[in-house]
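Undergrad: Here the protein sequences come in this chain order: A and B. The C-terminal residue of the first sequence carries number 112 in my numbering, and the numbering is unbroken. The C-terminal residue of the second sequence carries number 160 in my numbering, and the numbering is unbroken. Note that the Cβ used here is the ideal one computed from N, Cα and C, for glycine as well.
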Amino acid sequence: MEIKHSQFKRCDLVRISGRLDSATAPILEEKLEAITESGRFRLVLDLNGVDFISSKGWWVLINTQKKCKRFNRGEVLLVNVQPHIRDSLELVGMGKYFKIYDDVASAVGSF
Amino acid sequence: MAEVFQSARRFFAGRYDSLNEIREFIAEAAQAAELDPQGIYAMQLAVDEACCNIIDHAYGGEDRGVIDCQVDVRSDGLLVTLIDHGRSFDPDKVPPPPIGKPLKAVKPRGVGLYLIKKMVDKLEYRSSSGEGNVMRLFKRKR
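1. Take the Cβ of GLY110 (chain A) as the centre, count every other Cβ of all protein chains shown within 10 Å, and call the residue buried at 16 or more, exposed below.
2. Over the uninterrupted beta strand (DSSP E) stretch that includes ARG28 (chain B), give me the two end residues.
3. What are the residues of the segment 58-85 of chain A that lie near chain B, defined by any Cβ-Cβ distance shorter than 7 Å?
4. CB-CB under 8 Å to ASP104 (chain A), same chain, minus the five flanking residues each way: which ones, in chain order?
5. Which residues, in chain order, does the segment 63-85 of chain B contribute to contact with chain A at a C-beta distance below 7 Å?
6. Between which residues of its own chain and LEU33 (chain A) is the CB-CB distance below 6 Å, once the five residues before and five after are set aside?
7. So with CB distances below 7 Å, who are the chain B contacts of ARG20 (chain A)?
8. Find out if the Cβ-Cβ distance for the pair ILE40 (chain B), ALA48 (chain B) is shorter than 8 Å.
9. Compute the beta-carbon to beta-carbon distance between ILE44 (chain B) and VAL98 (chain B), rounded to the nearest angstrom, for a pair I have assumed lies under 8 Å.
10. Is the Cβ-Cβ distance between CYS12 (chain A) and LEU44 (chain A) less than 8 Å?
11. Can you find the residues in the same chain that come closer than 6 Å, C-beta to C-beta, to SER93 (chain B), ignoring five residues on each side of it along the sequence?
12. Give a yes or no on whether the minimum CB-CB distance between TYR102 (chain A) and chain B is below 8 Å.
13. Give the DSSP-derived three-state secondary structure of LEU155 (chain B) in the structure shown.
14. Does DSSP put VAL65 (chain B) in a helix, a strand or coil?
15. Which residues does DSSP list as the beta-bridge partners of ASP90 (chain B)?
16. Determine the chain B residues that contact GLY93 (chain A) at a beta-carbon separation under 8 Å, and present them in chain order.
17. Between LEU63 (chain B) and MET153 (chain B), how many whole angstroms is the CB-CB distance? I'm expecting something under 8 Å.
18. Is any heavy atom of the ligand NAP found at a distance shorter than 7 Å from the C-beta of ARG27 (chain B)?
19. Can you check whether the CB of PHE30 (chain B) is closer than 8 Å to the CB of CYS87 (chain B)?
20. Are the C-beta of VAL112 (chain B) and some C-beta of chain A separated by less than 8 Å?
21. Using a Cβ-Cβ cut-off of less than 8 Å, list which residues of the segment 43-57 of chain A approach chain B; keep chain order.
22. Quick one, which of B:LYS140, B:GLY79, B:PRO115, B:LYS122 has its alpha-carbon nearest GLY130 (chain B)'s?
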């Protein structure tokens, strides 16, 4: 899995590629924790290069969303979620916890 | 009775590093069984979740046992059989996932098994002291 982080004035963009499963979820968790621990809670996660997400991967995203939304200090937005991945997210009823955008510019611009 | 065209069996170390290799093994068999791309992903996800449950719950951690994985490419779809020799569980007693709950109340328990049930067309689980814990997952060809 590859993670690229860019910091903008109003939010942080994290581009992720590869597989998000039990083996790689802790790596992403650590990266996202480092961002939130630095006091930044407006995150755009670009999942364009992600071809697999298991429930362990979703829990990293959900826990980050919980942290960001606390005290209304921010939010995690998802971009470029592959249709088959989105289907599995909707199936377990977790789609409603995220706003999903089709392009990075719209998501970044929404903050 | 469906005809079995091809079978393969592999043993994987019960650790998270094995998951990618297991998914590739499943994808190859799913293609041979002529599942469509959605079906292939569904079977990979179901098997991944099942193997994680084996590592986390049956064995109670990584490197404590082996995952025995057999694939049967059948005329009507793909059958995957996973065997472990860890702690057994009762699928009917796993609580349902937190669908519909507010974000701050959601907890991970039960999501893996729920996903498995939703992803495959047939799921069977049995446990015996001789055979171990056997989970059979079947995905029909569309």
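TA: If we stick to the structure as given:
1. As a working mapping, residue 110 (chain A) is identified with position 109 in the first sequence. A residue is called buried when at least 16 other Cβ atoms come within 10 angstroms of its Cβ; GLY110 (chain A) does not meet this threshold and is exposed.
2. Looking up residue 28 (chain B) in the second sequence gives position 10. Taken as a continuous stretch (DSSP letters only), the beta strand (DSSP E) holding ARG28 (chain B) covers 22-31.
3. TRP60, ILE63, GLN66, LYS67, LYS70, HIS85
4. Counting from one through the first sequence, the residue named residue 104 (chain A) turns up at place 103. Cβ within range, chain order: VAL80, ASN81.
5. LEU63, ASP66, GLU67, CYS70
6. Counting from one through the first sequence, the residue named residue 33 (chain A) turns up at place 32. Correct list, in chain order: THR65.
7. Mapped onto the first sequence, residue 20 (chain A) falls at position 19. Those within 7 Å of ARG20 (chain A) in chain B are ASN38.
8. Taking the second sequence and counting its residues from 1, the one referred to as residue 40 (chain B) is at position 22. Taking the second sequence and counting its residues from 1, the one referred to as residue 48 (chain B) is at position 30. It is not a contact, given that the beta carbons lie outside the stated cut-off.
9. The residue labelled residue 44 (chain B) in the question sits at position 26 within the second sequence. The residue labelled residue 98 (chain B) in the question sits at position 80 within the second sequence. Rounded to whole angstroms, the Cβ separation of ILE44 (chain B) and VAL98 (chain B) is 6 Å, and the two are in contact under 8 Å.
10. By 1-based counting over the first sequence, the position of residue 12 (chain A) is 11. By 1-based counting over the first sequence, the position of residue 44 (chain A) is 43. In contact: CYS12 (chain A) and LEU44 (chain A) (Cβ atoms closer than 8 Å).
11. One-based indexing of the second sequence puts residue 93 (chain B) at position 75. Answer for SER93 (chain B): ALA20, GLU21, listed in chain order.
12. Here residue 102 (chain A) is taken as the residue at index 101 of the first sequence, counted from 1. By this cut-off, TYR102 (chain A) is not an interface position.
13. Taking the second sequence and counting its residues from 1, the one referred to as residue 155 (chain B) is at position 137. Strand at LEU155 (chain B).
14. Numbered from its first residue, the second sequence carries residue 65 (chain B) at position 47. Three-state result, VAL65 (chain B): helix.
15. As a working note, residue 90 (chain B) is residue 72 in the second sequence. In the DSSP output, where bridge partners are listed per residue, ASP90 (chain B) has B:SER25, B:LEU97.
16. Stepping through the first sequence from its first residue, residue 93 (chain A) is reached at position 92. The question names Gly, but residue 93 (chain A) in the sequence shown is Val. Going along chain B in sequence order, the residues near VAL93 (chain A) (Cβ under 8 Å) are PRO115, ILE117, VAL129, TYR132, LEU133, LYS136.
17. If you number the second sequence from 1, residue 63 (chain B) lands on position 45. If you number the second sequence from 1, residue 153 (chain B) lands on position 135. That belief does not hold up - the Cβ atoms of LEU63 (chain B) and MET153 (chain B) are roughly 14 Å apart, past 8 Å.
18. Because no ligand of any kind appears in the structure shown, any question about the ligand NAP cannot be addressed here.
19. For the purposes of this step, residue 87 (chain B) is taken as residue 69 along the second sequence, with counting starting at 1. For the purposes of this step, residue 30 (chain B) is taken as residue 12 along the second sequence, with counting starting at 1. Against a cut-off of 8 Å, the Cβ pair of PHE30 (chain B) and CYS87 (chain B) comes out as a contact.
20. The residue you call residue 112 (chain B) lines up with position 94 of the second sequence. Chain A, which has no Cβ nearer than 8 Å to the Cβ of VAL112 (chain B), makes this no.
21. PHE53, SER55, SER56, LYS57
22. One-based indexing of the second sequence puts residue 130 (chain B) at position 112. When only C-alpha atoms are compared, the closest one is B:PRO115.
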